[in-house]
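Enquirer: I have a structure I would like to understand better, so I am pasting it below and will then ask my questions one at a time.
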DNA sequence: CTGAAAGCGCTTACAG
DNA sequence: CTGAAAGCGCTTACAG
């Protein structure tokens, strides 16, 4: 910038004004500055600018996801990016892999980079450590999962009701032995979906059987193995409810392997590409991860615009999609 | 930092040394500083630090993708993130949506944020504009597609050979009318895959027929519609080669809709989740997007470490996976 | 409308 | 080992 000022023969103040698009600059001086900028290939240093600016904003937000490559996270990411883009804001995304330590490290690393705010799919079981940062003025919005030990804005899917609807569909057509395959039970959504499962069983006066309830399945491989042993039991379930997208894939593979896909009913939580193409079509509880991301971003930007209102929890409804696998009746 | 120095009753220099983990500080003073840091909830300002540091590094790189929510991009993203994570580097990712203007805007926006380097899946057809930035010291590595009008490092898949192998599989079992459905022809990979298609036809002494060659299909919907009209022609192809993951999905849907999935052969470029579960299984040319990301990141970090060697182009091999759809013979 | 000066939060030679 | 001072690239009152 100093060089630009020298070449254009104006003061630093004037260069700053021109570069920031102020209108109160003599057109001729502005022109000289623009020429110098072009000639020198000058690139504004936004970080230095933020350091001195009164608002101090970096026009960058942090987005902490479970895994940027998971379709659920990726869709949420894109929705946040689109909302941020409208305001010229960039997003620093990172994967936590359900690791609470990484959550804290990344928050700290992004706070050091002075992001304006955060959208977090939390991995840890206690977010109270964020209180200090929030007091310092950084807003946090939680997506997909509520924060724990911290009151904050959050946007979540209607996990419990969605799971209950799925399982109610199964009990509705006569199933009474419904296996549950769930993600890591430390994850709030996994707990909620399990609660929905229990709720639907209760409504149908079915006592849950721990033998066909499997938690803590975090990969498609683990889920496939678990489903295989479950389906090979003498008192195997007549229907499966899988509580997460990778778990659902494992369930599909296991059914396929045992050639049971047309005998055993199956409903998954979260939709899958090609779910309508496989046979039978996979019935699912679809959640709108794009909408979750969009609302979370909207909420964050409202906070950044000065909204001081009480914390809010938005619940995004899920939708049951019947495609065949969830409509297979129990053997009579 | 000033407050920390005051509370610990030491100079700013000392606080800086402690915060940066220098060893030449009296343990007692260091202890006082640490206490003050904890008490005040002090958070280091990494941007201000970079401004003054001799290396000036922000420990952040830019990653420009086609679309963070596309599985190909998302997998590449994750591989880059993992490589960056090892070095404590964060990644600022963004979606270009094949828009050359966005490419330039985002580069400029991230240069203003002083990222240390870039990994780019270019959207535009001319990257010569990056010469200025590179002279200023920012390294660029291209992934998935080579840069144009600029010599630079790049990591690409073996698109031409992969496509040729796929089509050769089809000609090998007797197909002579093979439809081509491709992505936007402005994209280098689409051109390469088409070249591979022509090459394989040539090897089988088949003259290409423009009537069954369709370019510029960029969404699953567009591809489905195109495939439908293609398959309903009187001289419809007996096999389909789809040159991109969304295009492949469109092809699958069209075949399904016409109940031709067991009659018309189909090979797709890029693998799909559940491709082995649908019936018939989808034969594909799989490309390793994770490996592309990993190598691109490795290359970028070597440059950041001072590698001044000549620019290199790494080619990642593709792999043909036979699953059934590509092995359907032509009607006799 | 324009410029000189102070200062954002930090690091780094330079003396001591 | 420690501190005072200069300065990274910028913005912003403050005079003129």
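Chains as they are written, first to last, in our numbering: chain A, 1 to 332; chain L, 1001 to 1332. Yeah, the Cβ is synthetic: ideal placement off N, Cα and C, and Gly gets one too.
Taking only beta-carbon atoms, is residue 99 of chain A less than 8 Å away from chain L?
Expert: Taking Cβ atoms only, chain L never reaches closer than 8 Å to residue 99 of chain A, which makes this a no.
Enquirer: Between which residues of its own chain and residue 1128 of chain L is the CB-CB distance below 6 Å, once the five residues before and five after are set aside?
Expert: Once the five neighbours on either side are set aside, the close Cβ partners of residue 1128 of chain L are 1149, 1150.
Enquirer: Rank L/1319, L/1321, L/1296, L/1329 by C-alpha distance to the C-alpha of residue 1080 of chain L and give the top, closest one.
Expert: It is L/1296 whose Cα lies nearest to the Cα of residue 1080 of chain L.
Enquirer: Quick one, which residues of the stretch 37-65 of chain A are near chain L if we go by CB-CB under 8 Å, in chain order?
Expert: Taking 8 Å as the Cβ-Cβ cut-off against chain L, the residues of the stretch 37-65 of chain A that qualify are 41, 43, 44, 45, 46, 47, 48, 50, 51, 58, 60.
Enquirer: Is DSSP giving residue 1264 of chain L helix, strand or coil here?
Expert: Coil.
Enquirer: Should residue 159 of chain A be labelled buried (16 or more other beta-carbon atoms within 10 Å of its own) or exposed?
Expert: The residue is buried, with at least 16 neighbouring Cβ atoms inside 10 Å.
Enquirer: Kindly identify the DSSP beta-bridge partner or partners of residue 1118 of chain L.
Expert: The partner list for residue 1118 of chain L (beta bridge, DSSP) reads L/1062, L/1140.
Enquirer: Report the neighbours of residue 1068 of chain L on chain A: residues whose CB is nearer than 8 Å to its CB, in chain order.
Expert: Simply 68, 74, 77, 78, 81, 93.
Enquirer: Just the chain L side, please: which residues come within less than 7 Å of residue 386 of chain A by C-beta, in chain order?
Expert: Outside the displayed span of chain A (1 to 332) sits residue 386 of chain A, for which this structure offers no information.
Enquirer: Could you tell me whether the Cβ atoms of residue 1265 of chain L and residue 1325 of chain L are closer together than 8 Å?
Expert: Taking 8 Å as the Cβ cut-off, residue 1265 of chain L and residue 1325 of chain L qualify as a contacting pair.
Enquirer: Are there 16 or more other CB atoms within 10 angstroms of the CB of residue 13 of chain A, so buried, or fewer, so exposed?
Expert: That one is exposed.
Enquirer: Between which residues of its own chain and residue 103 of chain A is the CB-CB distance below 7 Å, once the five residues before and five after are set aside?
Expert: Cβ neighbours of residue 103 of chain A beyond the five flanking positions: 64, 96, 122, 123, 124.
Enquirer: If you follow the beta strand (DSSP E) that residue 315 of chain A is part of, which residue opens it and which one closes it?
Expert: First-last of the beta strand (DSSP E) with residue 315 of chain A: 313-316.
Enquirer: Mind checking which residues open and close the alpha helix (DSSP H) that includes residue 198 of chain A?
Expert: 188-203 is the extent of the alpha helix (DSSP H) around residue 198 of chain A.
Enquirer: Is it true that the stretch 1276-1289 of chain L meets the stretch 1312-1331 of chain L, where meeting means three or more beta-carbon pairs spaced less than 8 Å apart?
Expert: Touching, per the Cβ criterion.
Enquirer: Thinking C-alpha only, which one of L/1083, L/1147, L/1062 is nearest residue 1110 of chain L?
Expert: Cα-wise, what sits closest to residue 1110 of chain L is L/1062.
Enquirer: Just to make sure I have the definition right: I need the residues of chain A whose C-beta is within less than 9 Å of the C-beta of residue 1136 of chain L. Which are they?
Expert: Here the neighbours are 41, 43.
Enquirer: From the DSSP output, read off the bridge partner residues of residue 91 of chain A.
Expert: According to DSSP, residue 91 of chain A bridges with A/61.
Enquirer: Scan the stretch 1250-1269 of chain L for residues whose Cβ lies nearer than 8 Å to a Cβ of chain A and list them as they occur along the chain.
Expert: Within the stretch 1250-1269 of chain L, the qualifying residues are 1252, 1253, 1256.
Enquirer: Thinking just about the alpha-carbon of each residue, which of L/1245, L/1141, L/1024 is nearest to the one in residue 1273 of chain L?
Expert: That would be L/1245, whose Cα lies nearest to the Cα of residue 1273 of chain L.
Enquirer: Could you tell me which residues DSSP puts in a beta bridge with residue 178 of chain A?
Expert: DSSP output for residue 178 of chain A lists A/239 as bridge partner(s).
Enquirer: By how many angstroms is the C-alpha of residue 1205 of chain L removed from the C-alpha of residue 979 of chain L?
Expert: Because chain L here runs from 1001 to 1332, residue 979 of chain L falls outside it and cannot be looked at.
Enquirer: Give the interface partners of residue 328 of chain A over in chain L, defined as CB-CB distance under 9 Å, in chain order.
Expert: Going along chain L, no residue has its Cβ under 9 Å from residue 328 of chain A, so there is no contact; the nearest lies around 17 Å.
Enquirer: Any contact between the stretch 1206-1220 of chain L and the stretch 1240-1255 of chain L? By contact I mean 3 or more CB pairs, one from each, below 8 Å.
Expert: Short answer: they touch.
Enquirer: Report back the beta-carbon spacing between residue 1166 of chain L and residue 1241 of chain L to the nearest angstrom; my notes put them in contact at under 8 Å.
Expert: About 6 Å; that satisfies the 8 Å criterion.
Enquirer: Need the endpoints of the alpha helix (DSSP H) that residue 1286 of chain L sits in, please.
Expert: Counting along the chain, residue 1286 of chain L falls outside any alpha helix (DSSP H), though it belongs to the beta strand (DSSP E) covering 1283-1286.
Enquirer: Starting from residue 18 of chain A, follow the alpha helix (DSSP H) in both directions and report where the run begins and ends.
Expert: Per DSSP, residue 18 of chain A belongs to the alpha helix (DSSP H) from 12-19.
Enquirer: Contact check, residue 1088 of chain L vs residue 1059 of chain L under 8 Å by CB: the rounded distance?
Expert: With 8 Å as the limit, residue 1088 of chain L and residue 1059 of chain L qualify as a contact, their Cβ atoms being about 6 Å apart.
Enquirer: Please work out which residues of its chain come closer than 8 Å, Cβ to Cβ, to residue 145 of chain A, disregarding the five sequence neighbours upstream and downstream, and give them in chain order.
Expert: Excluding positions up to five away in sequence, the list reads 121, 122, 154, 156, 187, 188, 189.
Enquirer: Are residue 236 of chain A and residue 230 of chain A touching if we call contact CB-CB under 8 Å?
Expert: Closer than 8 Å, so yes.
Enquirer: So, under 8 Å CB-CB, residue 163 of chain A and residue 301 of chain A are touching, yes? Tell me the CB distance rounded to an integer number of Å.
Expert: No, residue 163 of chain A and residue 301 of chain A are not in contact; Cβ-Cβ is about 31 Å, not under 8 Å.
Enquirer: In terms of residue numbering, what span does the alpha helix (DSSP H) encompassing residue 333 of chain A cover?
Expert: The shown model of chain A, from 1 to 332, leaves out residue 333 of chain A, and the question about it has no answer.
Enquirer: With residue 1075 of chain L and residue 1243 of chain L assumed to form a contact (beta carbons below 8 Å), what rounded beta-carbon distance in angstroms separates them?
Expert: That belief does not hold up - the Cβ atoms of residue 1075 of chain L and residue 1243 of chain L are roughly 18 Å apart, past 8 Å.
Enquirer: With a threshold of 7 Å on Cβ separation, who are the neighbours of residue 1044 of chain L within its own chain once the five nearest residues in sequence on each side are excluded?
Expert: Excluding positions up to five away in sequence, the list reads 1019.
Enquirer: Is the beta carbon of residue 208 of chain A sitting closer than 8 Å to the one on residue 201 of chain A?
Expert: Yes; because the gap between Cβ atoms is below 8 Å, this pair is in contact.
Enquirer: So that I know if they touch, is there some Cβ in chain L lying closer than 8 Å to that of residue 132 of chain A?
Expert: Answer yes: the Cβ-Cβ gap between residue 132 of chain A and chain L drops below 8 Å somewhere.
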